[in-house]
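Take a look at the structure set out below.
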Amino acid sequence: MRRAMITAAPWVAYPEIMHMKDDRWTFRTPNQADGQKVHDLVALSPPLDENSAYCNFLQAIHFQDTCIVAERNGEVVGFISAYLKPDNLHELFVWQVAVHPDARGLGLAFQMLNDLLERDALQDVTTLETTITRDNQGSWSNAVHLRVNGIFVLSIPLWSRFNCSR
38 MRRAMITAAP WVAYPEIMHM KDDRWTFRTP NQADGQKVHD LVALSPPLDE
88 NSAYCNFLQA IHFQDTCIVA ERNGEVVGFI SAYLKPDNLH ELFVWQVAVH
138 PDARGLGLAF QMLNDLLERD ALQDVTTLET TITRDNQGSW SNAVHLRVNG
188 IFVLSIPLWS RFNCSR
């Protein structure tokens with residue numbers, strides 16, 4: 038039996054983004070051809086750290102079961118990189134959430150995460166772990182919203198763990 042990971046659609050929780058229903062996104066697992074597209078998307082998504090194109094290529098093929106691509110009109114507009122923690126397969130570490138500037142504020146990150154968590158390979162996930170910089174208000178909002186809807190989110194402040202200045 039599948040359990041709903043996130044119960045409220047973002048346009049219900051945040052009525053100001055009602056226009057979201059007009060946008061059509063396709064969610065899928067990444068593939069080999071997505072490495073450079075993901076790299077380019079991350080470059081458009083500060084404050085995310087730009088990894089090498091090789092890293093994004095490996096994410097797209099080695100971690101495709103725990104990563105997700107969002108497309109609109111054939112263009113990559115969103116990407117979540119994540120992996121199951123080796124020491125606890127019930128915890129999903131969300132590495133990066135990238136959303137194209139033209140798709141921000143529409144609830145795309147929330148929908149990608151919801152779609153990702155609905156995958157059979159992730160049905161036993163009970164906890165999300167992530168690091169969020171102080172200035173990343175979109176990610177903090179999603180973390181709070183997930184807590185309200187019953188998903189435990191362990192957010193480790195990046196600046197405290199890695200002595201970053203953000």
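According to my numbering, the stretch in the sequence shown is residues 38 to 203, in order. All C-beta atoms in this analysis are idealised placements derived from N, C-alpha and C, irrespective of residue type, glycine included. All values derive from a computational prediction rather than experimental measurement.
Item	Value
Looking at the unbroken alpha helix (DSSP H) that takes in Val-162, where does it start and where does it end?	Taken as a continuous stretch (DSSP letters only), Val-162 belongs to no alpha helix (DSSP H), as it is neither H nor E.
With distances taken from CA atoms, which of Arg-141, Glu-87, Asp-124, Phe-64 is nearest Ser-111?	For the sequence presented, residue 111 should be read as Gly rather than Ser. Among Arg-141, Glu-87, Asp-124, Phe-64, the Cα nearest to that of Gly-111 is on Phe-64.
Go through its chain and collect everything with a Cβ distance to Gln-101's Cβ below 6 Å, but skip five positions before and after it.	Thr-66, Pro-67
Tell whether a beta-carbon distance below 9 Å holds between Thr-103 and Leu-121.	yes
Can you list, in chain order, the stretches of the beta strand (DSSP E) that have 3 or more residues and sit fully within the stretch 111-159?	112-122, 125-136
Decide yes or no for the touch test of the stretch 73-93 against the stretch 148-158: beta carbon pairs closer than 8 Å, at least 3 of them.	no
Along the chain, where does the beta strand (DSSP E) containing Phe-64 start, and where does it finish?	63-65
Return the CA-CA distance between Glu-87 and Val-136, expressed in angstroms with no decimal places.	14 Å
Considering only the beta carbon of each residue, do Val-113 and Lys-74 sit closer than 9 Å?	yes
Let me check one thing: in DSSP terms, what residues is Ala-107 bridge-paired to?	Phe-64, Gly-115
Per DSSP, what kind of secondary structure is Leu-95 in: helix, strand or coil?	helix
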